[in-house]
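Here UniProt numbering is used: the first residue of the sequence shown is 1, the next is one more, and so on. We treat Cβ as the ideally placed atom computed from N, Cα and C, and that holds for glycine.
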Amino acid sequence: MDIKRNILLNPGPATTTDTVKFSQVVPDICPREKEFGDVMEFVSKELTNFVGSNDTYTTILFGGSGTAAVEAIISSVVDDGKVLIINNGAYGKRICEMADIYNLNYIEFECSPIEEINLDELEDIIKMHNSDDNSGVGISHLAVIHHETTTGILNDIGLIGELCKKYNIDMIVDAMSSFAGIPINMDEMNITYLASSSNKCIQGMAGISFVIANKEALIKTKNIKPRNLYLNLYKQYIYFKDNYQMRFTPPVQVLYGLRQAIIEAKEETINARYERYKECCKVLWTGLDKLKLRKLVSEKASSMLLTSIIEPQICRYNFNEMHDFLYNRGFTIYPGKIASKNTFRIANIGQIYPENMLKFIELLEEYFTQLQVSYEE
Ligand SMILES: Cc1ncc(COP(=O)(O)O)c(C=O)c1O
1 MDIKRNILLN PGPATTTDTV KFSQVVPDIC PREKEFGDVM EFVSKELTNF
51 VGSNDTYTTI LFGGSGTAAV EAIISSVVDD GKVLIINNGA YGKRICEMAD
101 IYNLNYIEFE CSPIEEINLD ELEDIIKMHN SDDNSGVGIS HLAVIHHETT
151 TGILNDIGLI GELCKKYNID MIVDAMSSFA GIPINMDEMN ITYLASSSNK
201 CIQGMAGISF VIANKEALIK TKNIKPRNLY LNLYKQYIYF KDNYQMRFTP
251 PVQVLYGLRQ AIIEAKEETI NARYERYKEC CKVLWTGLDK LKLRKLVSEK
301 ASSMLLTSII EPQICRYNFN EMHDFLYNRG FTIYPGKIAS KNTFRIANIG
351 QIYPENMLKF IELLEEYFTQ LQVSYEE
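Structural data, given as structure tokens:
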């Protein structure tokens, strides 16, 4: 059977291979059977292998979208300490909302969504809150987004991890749109908890959210009073460790899809996938230059997995019309998410290739030519 190939240039769910799509067509199975437990054990261990050793880290699976994994960490691992949350986009802001809902003691470090995080300022905030506020409560955790999908900026979690090590802080990383797309080493980067989902750079289907946790730190959370039922990280970990089952009904077929996506990611390797994504990005950027479209974030600060593009000042330009023009030709694009500037976003994750980006640029040129924009020098 042929499945129409759509090129998704939205930041996930991403374009998948047909083999991943077809891998979900399996005989019905009760997820409490050992045969299915073997699938989940494979998925959990291999997800860990992409970023660390199974001796030190473990992957805890939940049914849910990516937000579930972030919320599982935020609601489960902080006791009476203080969380420093870096907010340089909508997803950092979302972690602050979670901290509010769970009534955590937190500090919001709000910084520019389009410039690199100022690490001196960050260190000053850590020092200030560790010593000067007389509360006796130091910063126990720091939460940061790796790839801020709001704009496409890549936060330097290596350097932030060094600060966390220096001040003995557990680092929480939302790596939703970077895991399996950009190489990450949890040990070297000093990451204690990492969150991601099945439908972005790992190139599976939507429906599974996962946390990769340092086991030693996770075990220490055992006596924290659960703040919710479904998302408690320690309880989900213990149940899975003993049974290779999730506590609640898992998205069965999505797990088969994820198993296949993992096999394909291992075959490609994360390093080669990152190179492929960057090649796609370079084609995009060359095309944008030709079409005189400007990028919101500098090339140096960019993830090269997503580009925010400033909307052109052309009187007949209309995002929805441009979207429909491209959608009808098999390419899905995404609106911007930043309030201060009108932008739209192009992601280059998923099973896509430089030639797909070249075709996309040709279509974009065709759209703008229709508006009687001329690119002749
Ligand atoms: C960095 C980041 N965090 C969290 C999320 C939320 O994921 P979901 O929409 O799957 O809940 C996203 C989604 O794009 C994201 O990019």
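Going by beta carbons, N6 and G336 fall outside the 9 Å limit. Ligand 1 approaches P11 closely enough that one of its heavy atoms is under 8 Å from the residue's Cβ. Restricting attention to alpha helix (DSSP H) runs no shorter than 4 residues, the stretch 91-174 encloses them at 119-131 and 157-166, ordered along the chain. Looking from the CA of I224, the closest CA among D28, S76 and F22 belongs to S76. Linking E110 to A143 through their CA atoms gives a straight-line distance of about 12 Å. N87 is bridged by DSSP to E110. For Y234, the enclosing alpha helix (DSSP H) covers residues L233 to N243. Inter-residue distance for P250 and C30 is about 10 Å (C-alpha atoms, whole angstroms).
Cβ atoms of G81 and H141 come within 8 Å of each other, at about 6 Å. Beyond the five residues adjoining it in sequence on each side, P354 comes within less than 7 Å, by CB distance, of E279, C280 and V283 in the same chain, given in chain order. In this chain, the alpha helix (DSSP H) harbouring Y277 covers I270 to K290. Excluding its 5 nearest sequence neighbours in each direction, P226 has C-beta neighbours in its own chain below 6 Å: N232, listed in chain order.
Excluding its 5 nearest sequence neighbours in each direction, V25 has no C-beta neighbour in its own chain below 6 Å. Taking a contact to require three or more Cβ pairs closer than 8 Å, the stretch 49-58 and the stretch 169-185 qualify as touching. In this structure, the beta-carbon distance from I208 to L61 falls below 9 Å. A69 has its alpha-carbon roughly 16 Å from the corresponding atom of L258. Rounded to the nearest angstrom, the gap between the Cα atoms of D156 and H146 is 7 Å. Distances from the alpha-carbon of C201 to those of G158, A272 and K215 put A272 closest.
Apart from sequence neighbours up to five positions away, the residues of its chain that approach Y167 with a beta-carbon distance below 6 Å are I126, ordered along the chain.
Checking the 8 Å criterion, the Cβ of M98 is out of range of every heavy atom belonging to ligand 1.
Per DSSP, S308 is one residue of the beta strand (DSSP E) stretching across L306 to I310.
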